[in-house]
Structures are given as C-alpha cells and as structure tokens.
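Notes to accompany the following structure.
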Amino acid sequence: MTIPPFEDRAPADDRITAYDERHFVTYLRILDAAQEGADWTDVAALVFGLDAAAEPERAQQVHDSHLARARWMTEHGYKHLLDKSREG
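Just so you know, we're using my numbering here: the sequence shown kicks off at 9 and counts up by one.
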C-alpha cells in the first residue's frame, strides 16, 4: 500500500487540514494497529516505511504525532467532517 508523502509531525490545527484529508487511511491504519496492541516500531515500519533501529527518534516522533492526530480525528475532527457534509 502506498502512503502519501508525510511530514515528521502531523498537523496540530483545530480543524481538518488538506494533509489530514490525504491521510485518512493512514490514521485508520494507525488506530487499528494501536487497538490491536501493535508495537510502535512495527507500525512505523509498515505504515511509514521507517526503520526505528536506524532512526529511532524520528520514527517515534512520526508515529506518535500521527497517532495523536488520528485520535483527535475520532474525538473532534469528525465533527468538522459532518459540518462540511451539511454545507454541501
């Protein structure tokens, strides 16, 4: 599976960004992995193609920031999607 280009840190905006829209599937994959108790190093490798042994700080930063953003989407971001769909 191809992942869109990603930043080392996911957005922290209080609204959904174009980056978020490109990464909906990425966020779902990370959430599924977290729910199943997958090791973050495996998730970094499978989802982002990062080697946690070679770049441990970067791999963890990418994983953690995207997981936090994915969780934000489930708690707050979805409301913005609903508002958008109502607008037309």
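All C-beta atoms, glycine included, are put in the ideal place defined by N, C-alpha and C.
DSSP places arginine 66 in the helix class (H, G or I) of the three-state scheme. Within a 10 Å sphere around the beta-carbon of aspartate 28 sit 16 or more other beta-carbons, which makes this residue buried.
Ranked by Cα distance from tryptophan 48, the options Arg66, Thr10, Gly85 are led by Arg66. For the 8 Å CB-CB criterion, alanine 60 and alanine 53 form a contact.
Apart from sequence neighbours up to five positions away, the residues of its chain that approach arginine 77 with a beta-carbon distance below 6 Å are Ala18, ordered along the chain. Its Cα nearest to that of phenylalanine 14, the residue His31 stands out among His84, Lys87, His31. With contacts defined by Cβ atoms closer than 8 Å, aspartate 16 and glutamine 69 form a contacting pair.
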